[in-house]
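Report on the structure given below.
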Amino acid sequence: MMKEKMYPIARTFNCPGIPDTAVVAGNEQCTECVPVVDPLQIFDVDTLRVILNWRSSKTREGLFAYGPVGCGKTSTLTQGAARLNIPVYEKTFHEKVSFNELVAQMTIVDGTSFLQYGPLAKAMWVDGKPGIFLANEI
């Protein structure tokens with residue numbers, strides 16, 4: 000299980016004007032599915048506030064981000080996760096996406112079958128790596 004770390008919001012997201020005492024929880028170390036930090040990412044403070052409030056919520060309900068193509072929905076979520084060392088498991092949807100593709104399916108490699116977890120299952124604590132499931136193009 001990953002160890003939690005508190006990150007100062009102003010420094011972590013390069014948002015001057017936010018008090019230094021404002022912090023958000025993330026993970027202490029990186030894992031394989033944590034996005035690479037883009038140092039050029041600029042966060043909209045209002046959007047960031049919504050995401051961080053969602054992240055801090057104890058209810059763990061889903062977050063629905065919407066807007067026109069190219070407005071920063073995916074990049075804001077993935078870059079927020081990158082700075083907090085949170086794994087992101089992403090799936091771009093199409094008309095034939097199956098439930099098994101999202102959760103788990105049997106796979107054969109070199110004649111051996113095994114259960115391969117999908118991005119939704121991985122985001123829900125599979126392998127002890129809680130993360131974000133990002134469903135694109137719904």
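Numbering of the sequence shown is given in numbering that gives the first Met the number 0, commencing with residue 0 and proceeding in unit increments.
From the three backbone atoms N, C-alpha and C, an ideal C-beta is built for every residue, glycine too.
All values derive from a computational prediction rather than experimental measurement.
Q) Relative to the C-alpha of Trp124, which residue among Cys14, Gly71 and Tyr88 is closest? A) Answer by Cα proximity: Tyr88.
**Q.** Opposing strand residues paired with Val68 [DSSP bridges]
**A.** According to DSSP, Val68 bridges with nothing at all.
Q: Apply the 10 Å Cβ neighbour rule to Lys121 and answer buried if 16 or more other Cβ atoms are within range, or exposed otherwise.
A: Flag for Lys121 reads buried.
Q) Where does Val23 land, buried or exposed, given buried means 16+ other C-beta within 10 angstroms? A) Answer is buried; the Cβ neighbour count reaches 16.
(Q) Once the 5 residues before and after Pro118 are set aside, which same chain residues still bring their CB inside 7 Å of it? (A) Taken in chain order, the residues that qualify are Tyr88, Glu89, Lys90, Leu101 and Phe132.
Q: Specify whether the region 99–116 and the region 23–42 touch according to this definition: at least 3 beta carbon pairs, one from each stretch, less than 8 Å apart.
A: Judged by Cβ distances under 8 Å, the region 99–116 makes no contact with the region 23–42, as fewer than three pairs qualify.
Q | Endpoints, beta strand (DSSP E) assigned at Asn135 | A | That run of the beta strand (DSSP E) goes Ile131 to Asn135.
Q | Completely contained alpha helix (DSSP H) runs for the region 21–89, where each covers 4 or more residues | A | Listed in chain order, the alpha helix (DSSP H) elements of length 4 or more contained wholly in the region 21–89 are 44–55 and 72–82.
Q) With a Cβ-Cβ cutoff of 9 Å, do Cys70 and Gly130 count as a contact? A) Their beta carbons are not under 9 Å apart, which means Cys70 does not touch Gly130 by this criterion.
Q.
Starting from Pro118, trace the alpha helix (DSSP H) in both directions and tell me its first and last residue.
A. Its alpha helix (DSSP H) spans residues Pro118 to Ala122.
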